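Engineer: Have a look at this one.
Protein chains: 8
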Amino acid sequence: MKPLIGIASNLTVESSFHLEQNVVGCHYIESIKKSGGLPILIPFTLNHADICTYVTLCQGFLFCGGGDINPLLFGENPHALNGSGHVELDQFHLFLMEKILSANKPVLGICRGIQILNVACGGSIYQDLSLTGNSTIKHMQSEAKRHFVTHKVTFIEGTILQELFGHEVYTNSYHHQAVNKLGDNLIASGFTDDGIIEALEMLSHPFQVGVQWHPENFIQVGNAMLPLFERLVDTAMQRVVFEGA
Amino acid sequence: MKPLIGIASNLTVESSFHLEQNVVGCHYIESIKKSGGLPILIPFTLNHADICTYVTLCQGFLFCGGGDINPLLFGENPHALNGSGHVELDQFHLFLMEKILSANKPVLGICRGIQILNVACGGSIYQDLSLTGNSTIKHMQSEAKRHFVTHKVTFIEGTILQELFGHEVYTNSYHHQAVNKLGDNLIASGFTDDGIIEALEMLSHPFQVGVQWHPENFIQVGNAMLPLFERLVDTAMQRVVFEGA
Amino acid sequence: MKPLIGIASNLTVESSFHLEQNVVGCHYIESIKKSGGLPILIPFTLNHADICTYVTLCQGFLFCGGGDINPLLFGENPHALNGSGHVELDQFHLFLMEKILSANKPVLGICRGIQILNVACGGSIYQDLSLTGNSTIKHMQSEAKRHFVTHKVTFIEGTILQELFGHEVYTNSYHHQAVNKLGDNLIASGFTDDGIIEALEMLSHPFQVGVQWHPENFIQVGNAMLPLFERLVDTAMQRVVFEGA
Amino acid sequence: MKPLIGIASNLTVESSFHLEQNVVGCHYIESIKKSGGLPILIPFTLNHADICTYVTLCQGFLFCGGGDINPLLFGENPHALNGSGHVELDQFHLFLMEKILSANKPVLGICRGIQILNVACGGSIYQDLSLTGNSTIKHMQSEAKRHFVTHKVTFIEGTILQELFGHEVYTNSYHHQAVNKLGDNLIASGFTDDGIIEALEMLSHPFQVGVQWHPENFIQVGNAMLPLFERLVDTAMQRVVFEGA
Amino acid sequence: MKPLIGIASNLTVESSFHLEQNVVGCHYIESIKKSGGLPILIPFTLNHADICTYVTLCQGFLFCGGGDINPLLFGENPHALNGSGHVELDQFHLFLMEKILSANKPVLGICRGIQILNVACGGSIYQDLSLTGNSTIKHMQSEAKRHFVTHKVTFIEGTILQELFGHEVYTNSYHHQAVNKLGDNLIASGFTDDGIIEALEMLSHPFQVGVQWHPENFIQVGNAMLPLFERLVDTAMQRVVFEGA
Amino acid sequence: MKPLIGIASNLTVESSFHLEQNVVGCHYIESIKKSGGLPILIPFTLNHADICTYVTLCQGFLFCGGGDINPLLFGENPHALNGSGHVELDQFHLFLMEKILSANKPVLGICRGIQILNVACGGSIYQDLSLTGNSTIKHMQSEAKRHFVTHKVTFIEGTILQELFGHEVYTNSYHHQAVNKLGDNLIASGFTDDGIIEALEMLSHPFQVGVQWHPENFIQVGNAMLPLFERLVDTAMQRVVFEGA
Amino acid sequence: MKPLIGIASNLTVESSFHLEQNVVGCHYIESIKKSGGLPILIPFTLNHADICTYVTLCQGFLFCGGGDINPLLFGENPHALNGSGHVELDQFHLFLMEKILSANKPVLGICRGIQILNVACGGSIYQDLSLTGNSTIKHMQSEAKRHFVTHKVTFIEGTILQELFGHEVYTNSYHHQAVNKLGDNLIASGFTDDGIIEALEMLSHPFQVGVQWHPENFIQVGNAMLPLFERLVDTAMQRVVFEGA
Amino acid sequence: MKPLIGIASNLTVESSFHLEQNVVGCHYIESIKKSGGLPILIPFTLNHADICTYVTLCQGFLFCGGGDINPLLFGENPHALNGSGHVELDQFHLFLMEKILSANKPVLGICRGIQILNVACGGSIYQDLSLTGNSTIKHMQSEAKRHFVTHKVTFIEGTILQELFGHEVYTNSYHHQAVNKLGDNLIASGFTDDGIIEALEMLSHPFQVGVQWHPENFIQVGNAMLPLFERLVDTAMQRVVFEGA
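Structure, rendered in structure tokens:
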């Protein structure tokens with residue numbers, strides 16, 4: 001039996017009638033399916049009881065890329081370079097992440113997802129890479145295809161990511177913000193040459209991980225990034241087996 | 001405990017990177033929540049085993065508005081007025097609907113959803129209303145707001161819809177196709193003045209229903225269309241109770 | 001002292017934030033001012049008591065061009081060629097018009113305004129000129145400037161319009177609908193060569209008038225259309241004087 | 001009987017024929033109505049006598065958000081970062097504000113409105129926030145919805161705003177200019193953390209107030225900002241009662 | 001000494017500020033220069049005395065392609081298929097053409113120019129080719145380049161055009177209207193296979209000619225169409241010589 | 001050694017500088033490569049000697065989809081429904097095709113390519129499918145993806161296509177024109193249910209074939225259409241071997 | 001008899017067919033007509049003999065606003081902030097200006113025209129106002145209407161402009177470049193408060209003048225800027241009288 | 001017999017279906033033809049064996065302008081100002097260039113082509129001209145036409161370019177990157193006044209040359225840039241003769 005992987009939906013507005021929609025990119029879903037998980041999409045809600053039910057229902061979770069988090073949610077005034085966002089979506093994602101962490105269930109956060117993970121643990125975000133003072137690499141690539149790589153990420157010895165990818169990996173890059181102050185119990189396990197944090201891991205947990213790049217965009221051209229999703233699904237599977245026991 | 005209502009996702013392509021996405025409008029989700037159901041979104045898949053798992057997982061189902069069904073799927077050559085579509089999405093929706101009907105679970109089909117219901121039962125679709133020969137009413141409204149009504153729907157005595165709404169109701173209207181030949185065991189329970197079928201019901205089933213208009217767009221301005229969603233959720237609830245017994 | 005002329009606002013949606021707005025074209029306002037009236041704009045409302053207060057407050061009224069009236073409001077199903085509209089704006093305009101007529105106050109209806117006048121009196125509208133069966137003249141002009149004329153209007157002997165303009169006048173033309181069945185107590189006082197009604201007048205009233213063209217667009221290039229607005233203001237003035245007596 | 005609240009119209013140009021229009025957003029009007037006032041819209045005019053009549057006619061006034069004031073009107077040359085404007089609209093608004101202040105009637109200025117209030121009293125405007133030298137907060141938000149908040153405003157003890165809202169309030173923010181030199185008899189009663197003036201009040205007057213944010217955008221999601229509009233209407237009501245006495 | 005060829009300007013509106021402009025395509029001007037004439041552009045005016053001065057000043061004239069003539073100017077009501085136009089430009093062009101014809105000076109009318117010639121002589125225009133009842137050829141071509149030919153034109157024996165081009169010529173084609181009733185003293189000298197008039201000539205005059213296609217677009221790829229412009233300039237030159245004598 | 005397959009380029013205009021470009025879609029090229037051929041692109045030219053050199057250089061040829069052929073090239077006047085085209089590109093393609101046929105070399109024509117094949121042999125084209133009088137199927141599909149099929153093509157016994165695909169095949173469809181009168185020595189080997197010719201073959205030649213659909217769009221999702229390209233390359237290979245012998 | 005005023009055309013490219021056109025704004029032409037001149041438009045040419053003929057033909061000249069002059073023409077390499085231009089148009093305008101100055105005829109240069117005047121006399125241009133180092137005023141206004149003023153221009157005692165306008169005048173402003181090194185025999189007669197040159201005059205000549213603002217945009221709202229055009233026409237008239245004598 | 005000149009295709013994505021295409025501008029092809037070469041277009045491929053076959057097939061080669069090279073390919077991290085690119089196209093072009101250089105065949109690299117030449121030889125690229133620290137000239141021109149010149153290039157004595165063009169030449173300019181570290185055996189033979197390298201040549205080879213400007217854009221207005229293409233073709237011709245010997 002496949003583990004149920006809950007993917008947190010984003011919100012967007014379609015252009016013909018300006019109706020708000022829940023949306024999840026197919027690449028994320030295909031990555032979960034290719035790794036042996038059964039994906040369902042968790043729709044936006046601010047109902048805490050419903051969110052707790054979703055956390056109970058699924059064995060693993062995925063958070064996708066998206067807009068900027070409202071800085072008031074990590075205790076800062078907004079900077080002029082902070083991008084557009086949706087504060088209620090932030091609250092949904094943060095509450096969902098907190099409940100997942102409390103329930104000790106496996107989770108993978110991608111791009112905005114790594115930032116949700118960090119803020120849910122009490123960390124903060126650089127509202128724009130220019131505010132780091134020393135970012136010298138292009139992190140918002142404009143290559144012809146989403147899976148073309150743009151920079152290297154180097155991993156720390158002894159981390160899950162180093163175990164999965166070895167010393168370094170070349171990745172794509174589509175972000176203008178990054179992790180600033182680390183959240184509680186998180187360690188930074190991957191960096192670009194200019195010192196930007198590209199991966200986070202929860203101390204002493206088998207798989208509560210965030211990455212700043214987009215591994216899901218590689219799903220149709222090869223298996224280079226598949227280990228990340230497989231580890232999520234495998235960890236969730238162990239829980240299913242355990243629960244079923 | 002709330003019944004789990006599975007909503008079949010649609011597919012769209014976002015404009016910045018041309019990435020395919022699963023998408024469900026918020027109005028559909030809000031209507032389920034307001035009626036006491038717990039919504040999850042079922043992502044696109046052609047994996048039959050996974051689809052069967054989704055059918056087992058949920059107590060009720062909702063199909064939303066969307067593109068035109070490929071006419072080859074109901075045995076016709078495409079007409080020049082047939083609109084754009086996605087044949088693999090059609091296959092996903094039709095297989096999911098067939099499994100729901102086999103499992104005897106409650107389902108509501110809206111707009112494209114009523115057409116999926118009809119084709120899944122062996123019925124056919126007018127590829128464009130002009131092909132009916134006698135449609136005289138504007139069915140693709142251009143009113144300022146989605147919840148503004150455009151025409152009347154009259155219901156047949158003794159049907160579920162007549163029980164819910166009485167003799168007639170004024171509805172919005174956003175479709176250029178309509179039910180043609182009825183699928184097996186379906187009855188037409190609602191019509192506009194020009195004879196277009198606006199509602200279908202499965203004979204002898206508590207709630208396998210399709211409507212051609214968009215009841216979900218009324219969710220933020222009142223409860224006029226709520227009975228439709230409440231009946232779906234209530235029927236699903238009875239199944240939960242029964243299953244839980 | 002100038003008579004207060006209430007102009008019924010339209011609704012539009014601005015493009016940057018999709019916020020709804022009340023709007024009245026400057027040409028309408030300038031025409032009232034040039035004719036000696038003091039214009040105020042009556043904002044959209046469905047509050048009947050407030051509408052009655054507005055009717056009491058002003059001595060004369062102006063209704064402007066705009067979208068199509070919802071055909072359900074004059075007892076017809078919508079035809080595919082009926083254009084976009086806003087049924088709540090229709091209700092505001094119709095109720096305001098009815099109260100003005102009841103109060104016996106002077107009013108000028110322009111384009112959509114003549115149609116509001118006719119429907120408020122129980123008349124009906126051709127949902128598209130093609131439905132008249134015999135309209136042969138271009139009524140939606142595409143000339144370089146709004147005040148360029150496109151066709152002739154011929155007036156009936158003994159009407160107010162014939163008194164103001166003589167036997168005929170060349171006008172601009174921006175409409176795809178027209179008066180069909182006349183409302184109670186209204187007479188058609190102007191026609192184009194293809195028989196389309198271009199002007200209405202209330203029997204035995206000094207100035208309750210509608211015109212299908214856009215006289216306000218001539219305000220900046222001359223006084224040809226000024227008599228229409230002056231008659232409105234003058235009639236309103238007599239009421240002021242009388243009331244003040 | 002409801003007090004008459006005159007709302008100063010803005011000007012815009014519609015896109016199909018480039019016709020100039022008077023325009024007022026529905027949120028402003030709904031806020032007045034929800035607070036018990038009867039709104040009318042005062043159209044653009046440079047006729048001083050007519051403006052005086054409008055001031056006499058109404059018991060309270062509202063000025064809305066809009067374009068930048070021509071700097072020549074507060075004695076400065078235009079800076080390259082000054083935005084687009086309409087000098088005749090500025091003259092209409094400034095003259096109307098001056099007459100209201102002379103008449104001692106209550107008035108609320110929102111966004112551009114607070115700037116009109118300040119310039120009418122002899123104050124000046126920062127032509128762009130970058131010219132303040134120390135503005136560090138994003139004041140032109142790009143959140144998904146107009147009522148999402150972006151920063152805090154802290155109020156001065158003993159002011160009307162502190163009485164209405166307490167020590168602080170979280171607000172939305174859509175401006176690139178701000179009050180610089182205070183106009184005569186005005187006090188700054190609200191500030192953001194970077195020292196930008198967010199609220200002005202007239203010394204010793206029950207309600208001549210300006211705010212830099214957009215309280216009207218909250219009207220459809222709750223009553224948090226309603227006290228501002230209610231105080232305007234209540235103060236106007238007292239004048240009606242007094243006048244009627 | 002080169003003869004002075006006056007080219008009647010058209011009017012257009014530039015997109016950034018919506019300012020009206022006088023405009024003449026370079027191909028027209030280059031064709032005159034290549035044929036030995038000295039072109040000047042006659043700007044739009046309704047001043048009859050000035051127009052007469054322009055006619056005196058120049059030895060030959062050219063009228064270019066452009067918008068549709070207002071049908072009221074040739075005694076018809078506008079048809080729905082009549083395109084956009086500028087009635088004051090029509091009046092300028094018609095008066096200028098009449099004065100040229102009175103002065104017996106040479107003139108070439110291209111596309112709209114042939115229609116101006118015909119109406120100035122009392123003729124009429126098919127407001128759309130569909131109204132001819134028998135036009136079967138595409139006259140509004142969509143070829144990749146302006147000088148690609150689309151149909152044949154056959155000339156009448158004994159006409160100027162037959163003298164210049166022989167029995168037939170292949171031409172480009174960009175028009176939706178055409179000459180209907182011939183103006184006084186004009187003869188039709190060229191036709192397409194579906195009977196549409198493609199060329200007009202004034203009886204007993206050395207060169208008062210109109211063509212429905214665009215000979216100027218061939219100027220940069222060869223001399224096929226040059227005889228038309230050379231004949232205009234040569235006829236004008238004879239006048240210069242005569243006048244100078 | 002791989003056979004050299006010459007692909008005839010099309011022309012397009014890029015949007016930033018309006019520069020004309022030679023262009024060939026990657027799907028065509030990938031189809032040749034996957035089938036074992038070595039593709040080169042033959043650029044547009046009207047130089048007959050160079051075209052003959054290209055024909056000598058390559059062992060097989062491919063013509064791609066594109067714009068409409070100028071009807072003058074097959075002896076018809078242009079119809080209003082004929083689309084945009086480039087007569088010089090037509091001349092390049094027709095001359096190249098004629099030389100290939102004279103040289104007896106294998107060639108595959110796709111979409112516009114089948115039409116070039118037919119006209120090069122003296123055949124004609126329906127300028128629009130509506131002119132066939134009996135086309136009832138949608139031939140310009142609007143499906144979400146290029147490789148989604150829209151209709152069936154049935155093949156004639158004993159033809160190459162029947163040998164490659166069997167009795168029938170489901171194909172995509174993107175054309176508004178079709179083969180009318182057959183060119184010399186060509187036979188129609190495939191039809192849709194409404195009688196439109198979907199495939200042509202040269203009598204007694206191993207592979208001079210045209211198809212009206214787009215087989216190259218299937219190259220990335222499977223091998224269903226590969227036999228067509230493989231037969232082209234294999235026939236070309238036999239010639240290489242023969243020539244090399 | 002009216003003096004003939006030659007207006008140098010600009011070049012633009014129309015958007016439908018990318019055809020190059022000669023163009024002159026109506027405001028320039030109306031200003032000449034209102035001042036008693038007879039305008040003709042001089043089309044683009046690089047033929048020096050023809051240009052000399054144009055100079056002989058007219059009694060006065062006007063140069064309009066337009067694109068940036070190629071810096072190579074005043075001896076500088078192009079700076080990144082230099083805008084788009086047309087070097088052949090520059091050569092036409094410069095040669096025409098030089099011949100006018102040689103012929104000692106009156107000329108008015110507006111915006112780009114003042115820059116043509118300066119370069120024709122050997123002067124240079126600031127390629128962008130930011131390169132002046134001390135320009136603090138917005139010179140590219142974004143006001144709602146072209147005739148709204150944005151800054152003051154102060155004139156030098158004893159100049160023609162001071163004679164026409166007095167000590168100072170408020171003007172509109174639409175330029176990002178300005179006069180740098182003065183051309184031979186030119187004096188700067190007007191400045192903004194930040195020291196930018198806004199007017200030039202030729203020493204000891206009755207009217208060879210350039211202004212950096214757009215006086216022609218005031219023609220439809222009043223006579224404030226008319227003296228500039230009247231002086232041009234009057235000076236030209238004296239020449240006509242003299243020549244005619 | 002003409003030498004075969006292989007032109008390396010670029011990749012683009014057409015806008016209607018987002019299909020990837022091989023593309024080469026006509027100006028490049030016309031320049032080769034005018035110089036006596038026979039052009040073929042080499043389509044994109046990563047198959048090394050096929051690339052070697054293309055190198056063997058042709059006697060000379062041309063590389064065109066295009067997107068930015070991925071900096072990882074010359075050992076740098078991407079800078080934020082690096083533009084969009086296609087890393088697989090880079091790999092195709094670099095491998096093709098390397099094989100050409102190994103085969104000692106003549107090649108001309110234009111714009112992106114000079115950068116491919118430099119990187120293939122181990123050199124590096126300034127990712128943006130602003131990173132040179134001393135570029136003061138506009139290298140991305142915005143002139144009305146592609147062949148208008150914008151700056152001077154000065155050549156080094158004794159180089160091929162100096163032999164072809166003399167001491168200096170005025171060129172157009174469309175690039176934001178430039179050669180940084182020279183590749184092995186390359187010399188810089190041309191510079192702009194701000195020291196940017198505008199031409200490269202391979203030491204001791206008759207014609208392996210790169211230029212940073214666009215000589216092909218001059219092909220339709222004259223022969224100024226023709227020597228560059230003629231030298232490529234002549235050198236290739238010598239090889240043909242030699243091979244044929």
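Chains as they are written, first to last, in the numbering used here: chain A, 1 to 245; chain B, 1 to 245; chain C, 1 to 245; chain D, 1 to 245; chain E, 1 to 245; chain F, 1 to 245; chain G, 1 to 245; chain H, 1 to 245. In this text, a Cβ means the ideal position worked out from N, Cα and C, and glycines have one as well. Because the structure is a prediction, the values reported are computed rather than measured.
Can you list, in chain order, the residues of its chain whose CB lies under 7 Å from that of I100(B), leaving out five sequence neighbours each side?
Structural biologist: V55, F61, V107
Engineer: Name the chain G residues that come within less than 7 Å of H27(E), Cβ to Cβ?
Structural biologist: L19
Engineer: Does chain E have any CB closer than 7 Å to the CB of S84(F)?
Structural biologist: yes
Engineer: Hey, quick one: how far does the alpha helix (DSSP H) through A120(C) stretch, first residue to last?
Structural biologist: DSSP places A120(C) in the uninterrupted alpha helix (DSSP H) bounded by 112 to 120.
Engineer: Compare the C-beta of L41(H) with all C-beta atoms of chain F and state if any pair is closer than 7 Å.
Structural biologist: yes
Engineer: For A199(H), which of helix, strand or coil comes out of DSSP?
Structural biologist: DSSP places A199(H) in strand when its eight states are reduced to three.
Engineer: E14(A): which of I5(B), I7(B), V24(B) sits nearest, CA to CA?
Structural biologist: Out of I5(B), I7(B), V24(B), V24(B) has the C-alpha closest to the C-alpha of E14(A).
Engineer: Is the segment 115 to 132 of chain F in contact with the segment 195 to 208 of chain F, if contact means three or more CB pairs nearer than 8 Å?
Structural biologist: yes
Engineer: Starting from T53(B), find everything on chain A with Cβ-Cβ shorter than 7 Å and list it in chain order.
Structural biologist: L38
Engineer: Output yes if chain F places a C-beta closer than 7 Å to the C-beta of A80(B); else output no.
Structural biologist: yes
Engineer: By a C-beta neighbour count over all protein chains shown, 10 Å radius and 16 as the cutoff for buried, is G178(F) buried or exposed?
Structural biologist: Here residue 178(F) is Ala; the residue named in the question, Gly, does not match the sequence. With 16 or more Cβ atoms within 10 Å of its Cβ, A178(F) is classed as buried.
Engineer: For F38(B), list the residues DSSP reports as bridge partners.
Structural biologist: Checking the sequence shown, residue 38(B) turns out to be Leu, not Phe. Assignment of beta-bridge partners to L38(B) by DSSP yields L4(B).
Engineer: Just the Cα atoms here: how many angstroms apart are C258(D) and G6(E)?
Structural biologist: Because chain D is modelled from 1 through 245, residue 258(D) falls outside the range shown and cannot be assessed.
Engineer: Just tell me which of T171(D), D193(D), P78(D), G36(D) has its CA closest to the CA of A49(C).
Structural biologist: Distance from the Cα of A49(C) is smallest, within the candidate group T171(D), D193(D), P78(D), G36(D), for G36(D).
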